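> Once you've had a glance at the structure underneath, I'll fire off some questions.
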Amino acid sequence: AVDRLGMLLFASFAVLGLVLSAIGIYGVMAFAVTQRTQEFGVRLALGAQRARVIKLVLKEGSLLASIGALIGLAGAYLTGRALQTTLYGVEALDVYAFLIVAVVLLCAALIASLVPALRASRVDPIEALRSE
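In this text, residue positions in the sequence shown follow the working numbering: the first is 19, and each later residue adds one.
Okay, here's the thing in structure tokens:
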């Protein structure tokens, strides 16, 4: 029962961390899209396709998430090396676990960036240019 409780607690904290990171990425991307509304309006007024605008925002979000994942993987590696002597019966540097976590976080970042990307693609060019 104690092991199950510990596992449930760790899983809960992991899900909470994933949700908080997705909310943070959504916030940053929503702010960036709001700041660049006029740019997207000009792009759409000049004939850019909506799919291209979505791709642009998703590319920016995935770039930020990739940089964060690389920094996180480096930190996890260094922390694992530091804690390797204190662990017994558990491998501190599990490459598969690190990669799975990085992929899950990148997927969460893409999903969190999708909502601002769709909002950017629905910008009315006339309203965006008028708000200047």
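Note that CB positions come from ideal geometry on N, CA and C, so glycine has one too.
None of the values given here were measured: they were computed from a predicted structure.
Could you tell me the alpha carbon to alpha carbon distance between I41 and A120, rounded to whole angstroms?
17 angstroms
> Roughly how many angstroms separate the alpha carbons of S80 and E145, rounded to a whole number?
28 angstroms
> Report, in whole angstroms, the separation of the C-beta atoms of F116 and A94, which I expect to be a contact under 8 angstroms.
Yes, they are in contact, since the Cβ atoms of F116 and A94 sit about 6 angstroms apart, within 8 angstroms.
> From what residue to what residue does the alpha helix (DSSP H) around V141 run?
Note, V141: premise wrong, no alpha helix (DSSP H); not H, not E.
> Beta carbon of A135, beta carbon of L74: below 9 angstroms?
Yes, Cβ-Cβ distance for A135 and L74 is below 9 angstroms.
> Measuring straight from C-alpha to C-alpha, what distance separates I43 and S139?
18 angstroms
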